[in-house]
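Chemist: Protein chains in written order, with full-length UniProt numbering: chain A, 1 to 1016; chain B, 1 to 1016.
Shown below is the structure under consideration.
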């Protein structure tokens, strides 16, 4: 067997690894206050998927695409660290580390633990991946960070101290304050900021700042943040990977080419250059880059020598960002203040990394859909009780975590890697779907007090509902069979909403759990979706779907917080007793001048000749606004012949002209019924749009199909929609940061420097996860989105969203593929069509936030539909038809959301509560608000509540004690007071949340098994 | 300090290295008689200089040219071997290993020793480099092998068992029998044989043979020799270096892309394919290639898995060539017989690797010159007593060893690497020059019995004598100063020869040590050399030489075996008393029809109108022959537009037409004097030729300057000379193998297969180190060379030598440079001019060998000249003027040479005696001959003589005992009896040598210090 058993050899081997040179290098230098201290930080950066998949990177396969093998890094780093206790290494991406860890013997694991506890090996960042900061949702960021950091805590008992987002393409306020300060990080480092910003900051020595990312939490959530002066690589000439061509330090005088003095001179010159743009006499060299240290000794061998020889004339040491941060902190200096964020990012003129805000919009939507589903599935898993052996939500959590990587949801990965992310999500979903189905079955089954194992109900769900495909609902009920629909609401508020699904029968009737007939509407399915359904079902499932059902059935449901309701669909005996069929009107260009739609307070007017939206009226709040909406596309710039080539591509948005898409068939189809009005527009052969109004809602829902974007003219295209109002927003607009805080944007302007405008479109794009709004002295116009997307206000009064991108050239940032997504059924490939929704609404000034925040939660957490069939008539009597996971008497305050309710693998319950409003955002809701924990867990006795850090890897109290108190330049020295929820009273168990506050708790119950409140 | 001191960590570390996987792979498989056994031989091949210099390869610098770092290989192999005792590795090139070894601590050294003694790490080949086999001299091959193998013996106590010449470009008979069997190797493996040969051998399963390289030594020096079926790399798809793109074995079922079955299938398919061309059920996979195993674990990780999984269906094991050889031997099969050699090598049609036989002719000459000098210097070092602290001959030995590498003396390295070899030789020479000078001073100084430390004579030598540059002799003697010339003869025979050096005085007179005036001749220096001298002295020494002396002084010297004589040059008081000035005649085209030159038995006739040699007459042996001599060049083929491109280049000779060089100035200058006649011909502006006859010699000496070869026409050129006789040699000619055995060559024919001729010139070229000859029923026509060179007999009666090559295209074998040598003085660069000599003679059939062998030794070991100045008149009285290192009464037999006389660093003396004749080569000299050892060491008492293997790393008797006795197909089973010298009688100490035998001895003396025979 492959194990050396001779103790002698083992003993010798230890020293072999420890002492591999006859020359002994002095690497023990500490900090010298009087000199420039160069902190050498040995690091590797592992993209959790990019050119290769995460597994390919880990095992080192597919090297023809990119030579990279994380296994090599982790294997080789250990002997290198053991050989010299002064050597250090930081490791970041837990998705890789966990793959490695589970392959290691206990002995190796114990060695690694020693290296971690000694500080030689330090975990930095600690999430599963180095998530993107533009197109990620804060809940996903928290979840993936928690997943990685809790693993570190459990295995090693340590808490990463440093945020290390060296590669993401711009940096968000939420990252700084929420995933930084609130995670307990002492500092936060990154590599990419705007090139103009960088120049100014280098000149002013303001690369390192105190960053207050949140207006609401201010100095209570600030962090020391450092942008690197160049990138996250070593200075030129100090790359020491196997086969790298930097000059090695050749100090063997018996050989030719001895070069110690040259190398020392190079080192000192590079150090002085960096010291000249850095405050204090501490500078950091990031000694590593993507996937380096495959044979770690090559780096340490050279760094050992540099430290040894440079120290004879200077000043350098093996370090980590923690040591560096402590050294900076020890200087007791004041630092410049930074607010807002570092978006958009341009690495040079005409190279704005704002394309990726939209790249791969279908993947972005899949990630967002799964994110909301994951939240709901975890709630249901909690109610049923977690199964460690599965099915459980772990694989979906893993897949989602990986998908947050800055080359995943960003759309900047190769196509095969994008497929890999989707596959992982799909596998994770399939397992979570089982958890959801069995939990609902368990909760609904009135016999479930004997346990859930024998629940017989097999709930079906419909992940492809967006393309009008739902086999579970497309069942023929004409023989008396009934369709049971269980509707789960993962929000903490009672909720009324219209749900829809396709049905094959025309004479269906809907009853609620009390046996009451519910008003329902049959909305005709649309031709434009027939092709989507047929093609994509074949592409994704490999089988042909049944004939397209003629109708969507829509009706209003009402569901309790964290609960479900049950509805029964059957065919009606009497004609006309069932659903109302929608009326259908087709308007051709010449028929009449305008048509108004809307059954409730909100009405829209379309001009028929132009087939255009022209007017918006809310009769309740008297908002009236002329609104137009149009589609355009940008031509992707082809810079291949330029002196400084820069194409538009997966990362970079560089338009070459805007082209308005004039509707080719200027016709409107209007669908009207008691619940829903719709206006269908075939804008051109590859854009179809539905404008939808709900009787009970005061926003417009726009559903679009864009694609396949034609490329037969040889041009890549980036498709946008513009919604134009008359609001005078004076160049100002607001976009959210990771779905949370809204940040003020001013067109052609940056707060931190005098912007030189070279890309008036691309340079004004910002990421949108929740929404974008503009306002003037009277109104605010808000648009909310169903996924991350790029957008702007390029013209006053107008909001622009980029919906899809199909490009034919690579933009030279490494992915080496054009962003030209196709979908294939065998050899028949088409450009990817994207289906999605956005929502807009115009409010009187000051009233928009309420809708943005509460409806934003609904978009993120749509009602979850589960279907079952029943032959008999006794569902309601044999099942529990309605349920709420919280106390019947309770609902969460309107400004609070449960963003995590999860049973952890150690049996504890993880609860996160989020205040949804910023200070000043809403006169009523932007206040400190209380939540009664006891009401959240009816039927359970809370034994202990521990408030923990955001990522749940340390007690909050400990974290606050350790927090470094940085001084801000120009301030009195005292940090301004900020409102925060007070400490939790262990008896009352009432949690206070101040605006934008998120509080995280471990909750332990008296009984390990869940006791249903109905049994209490 | 960089040493971990915690025992605990060390302990853990050992196991870390040993057990780096939770999965444990079974790598312990042995041989299975019933199955195909795949011997996986993990190996790396380190070129001791090629694209980078040896030191750059070792430390891993200059990686922009080639990613390669031998230090990484040796560092990383140790933990990999320690981790699994079944893993094995072979290491070859000691030039690299020694660099690494001296950097290691004693502890590491002790670990390596354990790995070696356990067989996990096995030294193969064991020379300093993997020497070339075409253009190397057998003495250099022996020396470099001895240097490496004795190091291995001293440090590890082991003797390499296997010849491993996997990369050289064809394989020589001398390698097989001398550097193989006589070194004690059990087998010999190589990668490159002619593509046509390979096809046939694969079909006939005759890649593995018993090779008898020597006609004379026959089965007594045969070896099991295996050519690989493809190259020395793994089968396609089994490359596992860091970043290699072969599919790794992915056996982690928790990750995507599990591929064990695919990889096992690939493995089995490749194994079966190889088994189908191999005898027995053992096949070898060479798992590695150039500079691989930089991170050894990447290979072993995958091989572990292959062994583990394939063994579940098959048959494979970690192995070494030794284990493989033993397995083959154990099968007791008979093997095909192979004689002669494997030259020339073509890797495909039109790709004959016969260009490198001549590439870099100046470097080749430098190496050969240094080789002869090294032999002499070691003798003188022995006489004086070796100094371990130097100066000694070690650095020259090292430089020479490295220069034998198959990308060194071959000329197939990049220019900067060629420069590096030359630099090393130059440094080594400079030190050896000191050894020579001080030894001569010591021996000549009559007071030296008190030790040599205070010898005051400062002997100067003239390494640039070939370009008429010798500052030591160019001293003005007109003021009565005297020039002392000490002439050392490193041959074992007394020797009379004409020496020459430039002098500035016209009226010089030469006296021998007895005070007798010696006849001397002043030969005018030649204009063609003025430019050479001036340019190259500036290029090489950086300084301007003095004015060119007008004369060479030539006179005949007589020197004892391994001894010296002293001559004194002074100016003559009387006019005419000194040297005879040569008469000079210039013949223009129209003057007369012919001119005859030659003062002795040999006379040549030149036709004046054509300025051509036309006739050769030896009046002693009555040989008369019409002889013509001409120059031509081939145009180097430019295949860049061909479907299968193949240029002529450093490796490959691919001519595109032959062009005769017609003398432009058809003039002859004839120089005549009492000792020497010369005919000077300026063939064209860039070829100058001197045809030289010595009164006392019966051969023609031709001295040429070729270059700078013009390239302004855009064509590369390969310059040849042809000497044409009327001999009817019937396509047959003979060339030497590494300066030793002559091998019969037949034009357009191969012994081993039916040759398909596609390159009638290049495909008939063979390497020449000593000489080439043709014969018919009456005469033999022999040409001897001063360096390795390519040549052939393309036309019956004619011998062709390639003298220089200047090419403008690379030939796609990796060097990626055109062979376009230039020499620069600052920014003024010119094509390299080559100066050299060859010698020819026509003998009656059967009488040529005597001259070829004995004069060949003189070419290899020219008389060594050392100069001193003396103001006074008492040199002879205050010095010992003549010396012989052997007994005054003794001389070596005419057929025996001392090829090594060296004091080793352990105080022993290494003596090698070589029989110079093959069986049947000469009726008198091709016989068993005796040498009296006692006579070789006058004044010393031999305490012990131990016969050892050729490379002096084991006792000969032990070696013979271990020798494997292979069976040859079709023979009776008994190997034919061969004549060998008998065992050494320890009392008589008379050594018998049979034809072609070389015997090697350790000699130990009673006294450690050398006692001069004069003092005895």
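The beta-carbon is built from N, C-alpha and C at its ideal position, and this holds for glycine as well.
1) Residues of chain A with CB closer than 9 angstroms to the CB of residue 1019 (chain B), please, in chain order.
2) When you check each C-beta in the stretch 377-394 of chain B against every C-beta of chain A, which residues fall closer than 7 angstroms?
3) Taking 7 angstroms as the threshold (beta carbon to beta carbon), is residue 237 (chain A) in contact with chain B?
4) For chain B, find out if any of its Cβ atoms is closer than 7 angstroms to the Cβ of residue 248 (chain A); answer yes or no.
5) Taking residue 1017 (chain B) as part of the alpha helix (DSSP H), name the residues at either end of that continuous run.
6) Looking at the strands, I want to know which residues DSSP matches up with residue 517 (chain A).
7) Under 7 angstroms, Cβ to Cβ, is there at least one residue of chain B near residue 67 (chain A)?
8) Over what stretch of residues does the alpha helix (DSSP H) that includes residue 1018 (chain A) continue unbroken?
9) Under the three-state reduction of DSSP, which class applies to residue 132 (chain B): helix, strand or coil?
10) Output the boundary residues of the beta strand (DSSP E) element that contains residue 289 (chain B).
11) Could you list which residues in chain A have their beta carbon closer than 7 angstroms to that of residue 1094 (chain B), in chain order?
12) For residue 1053 (chain A), decide whether its Cβ has a neighbour in chain B, counting only Cβ atoms nearer than 7 angstroms.
13) Buried or exposed, going by whether 16 or more other CB atoms sit within 10 Å of the CB of residue 660 (chain A)?
14) Which residues of chain A have a Cβ atom closer than 7 angstroms to the Cβ of residue 1024 (chain B), listed in chain order?
15) Compute the distance between the beta-carbons of residue 761 (chain A) and residue 755 (chain A), then report whether it is under 7 angstroms.
16) Within the continuous alpha helix (DSSP H) that includes residue 442 (chain B), where are the two ends?
17) Considering only the alpha carbon of each residue, which of A:598, A:495 and A:28 lies closest to residue 560 (chain A)?
18) Can you name the residues of chain B whose CB is closer than 7 angstroms to the CB of residue 295 (chain A)?
19) Could you give the residue range of the beta strand (DSSP E) that holds residue 684 (chain A)?
20) Report yes if the C-beta distance between residue 402 (chain A) and residue 69 (chain A) is below 7 angstroms; otherwise report no.
21) Can you name, in chain order, every residue of its own chain whose Cβ lies under 6 angstroms from the Cβ of residue 768 (chain B), other than the five neighbours on each side?
22) Is there at least one Cβ from chain A nearer than 7 angstroms to residue 290 (chain B)'s Cβ?
23) Helix or strand or just coil, what does DSSP make of residue 717 (chain B)?
24) Are any of the Cβ atoms in chain B nearer than 7 angstroms to that of residue 905 (chain A)?
25) Any beta carbon from chain B within less than 7 angstroms of residue 287 (chain A)'s own beta carbon?
26) Measure the beta-carbon distance from residue 725 (chain A) to residue 842 (chain A) and round it to whole angstroms, keeping in mind my assumption that it falls under 8 angstroms.
27) Just to make sure I have the definition right: I need the residues of chain B whose C-beta is within less than 7 angstroms of the C-beta of residue 55 (chain A). Which are they?
28) Compare the C-beta of residue 64 (chain B) against all C-beta atoms of chain A and say whether one is closer than 7 angstroms.
Modeler: Taking the coordinates as given:
1) The question about residue 1019 (chain B) has no answer, for chain B in this structure spans 1 to 1016.
2) none
3) As a working mapping, residue 237 (chain A) is identified with position 237 in the first chain. Residue 237 (chain A) does not count as touching chain B.
4) Sequence index remark: in the first chain, residue 248 (chain A) carries index 248 (1-based). For residue 248 (chain A), the answer is yes, since a Cβ of chain B falls inside 7 angstroms of its Cβ.
5) The shown model of chain B, from 1 to 1016, leaves out residue 1017 (chain B), and the question about it has no answer.
6) Here residue 517 (chain A) is taken as the residue at index 517 of the first chain, counted from 1. In DSSP, residue 517 (chain A) forms a bridge with A:511.
7) Here residue 67 (chain A) corresponds to residue number 67 of the first chain, with the count starting at 1. For residue 67 (chain A), the answer is yes, since a Cβ of chain B falls inside 7 angstroms of its Cβ.
8) The question about residue 1018 (chain A) has no answer, for chain A in this structure spans 1 to 1016.
9) Translated into the one-based positions of the second chain, residue 132 (chain B) becomes position 132. Reduced to three states, the DSSP call for residue 132 (chain B) is coil.
10) In the second chain, residue 289 (chain B) corresponds to position 289, counting from 1. Premise fails: residue 289 (chain B) is in no beta strand (DSSP E) and is neither H nor E.
11) Residue 1094 (chain B) is absent from the structure shown; chain B starts at 1 and stops at 1016.
12) Absent from the structure is residue 1053 (chain A), since the part of chain A shown begins at 1 and ends at 1016.
13) By one-based count along the first chain, residue 660 (chain A) stands at place 660. The residue in question, residue 660 (chain A), is exposed, as its Cβ has fewer than 16 Cβ neighbours within 10 Å.
14) Chain B is shown from 1 up to 1016; residue 1024 (chain B) falls before or after that span and cannot be answered.
15) Taking the first chain and counting its residues from 1, one reaches residue 761 (chain A) at position 761. Taking the first chain and counting its residues from 1, one reaches residue 755 (chain A) at position 755. No; because the gap between Cβ atoms is not below 7 angstroms, this pair is not in contact.
16) If you number the second chain from 1, residue 442 (chain B) lands on position 442. From DSSP, the alpha helix (DSSP H) with residue 442 (chain B) extends over 415-444.
17) Within the first chain, numbered from 1, the residue matching residue 560 (chain A) stands at position 560. The residue with the shortest Cα to Cα distance from residue 560 (chain A) is A:495.
18) Residue numbering aside, residue 295 (chain A) sits at position 295 when the first chain is read from its first letter. Per Cβ cutoff of 7 angstroms: 72, 76, 242, 294 and 295.
19) Taking the first residue of the first chain as 1, we reach residue 684 (chain A) at position 684. Here the beta strand (DSSP E) through residue 684 (chain A) covers 676-684.
20) Stepping through the first chain from its first residue, residue 402 (chain A) is reached at position 402. Stepping through the first chain from its first residue, residue 69 (chain A) is reached at position 69. It is not a contact, given that the beta carbons lie outside the stated cut-off.
21) Against the second chain, residue 768 (chain B) aligns to sequence position 768. Result list for residue 768 (chain B): 735, 785, 789 and 791, in chain order.
22) Here residue 290 (chain B) refers to the residue found at position 290 when the second chain is read from its first residue. Chain A contact via Cβ: absent.
23) The residue given as residue 717 (chain B) occupies position 717 in the second chain. Three-state result, residue 717 (chain B): strand.
24) Here residue 905 (chain A) is taken as the residue at index 905 of the first chain, counted from 1. For residue 905 (chain A), the answer is no, since every Cβ of chain B falls outside 7 angstroms of its Cβ.
25) For the purposes of this step, residue 287 (chain A) is taken as the residue at position 287 of the first chain. Not one chain B Cβ lies under 7 angstroms of residue 287 (chain A).
26) Taking the first residue of the first chain as 1, we reach residue 725 (chain A) at position 725. Taking the first residue of the first chain as 1, we reach residue 842 (chain A) at position 842. Confirmed, Cβ separation roughly 7 angstroms.
27) Position 55 of the first chain, counting from 1, holds the residue named residue 55 (chain A). What residue 55 (chain A) touches in chain B: 255, 256 and 257.
28) Against the second chain, residue 64 (chain B) aligns to sequence position 64. Chain A contact via Cβ: present.
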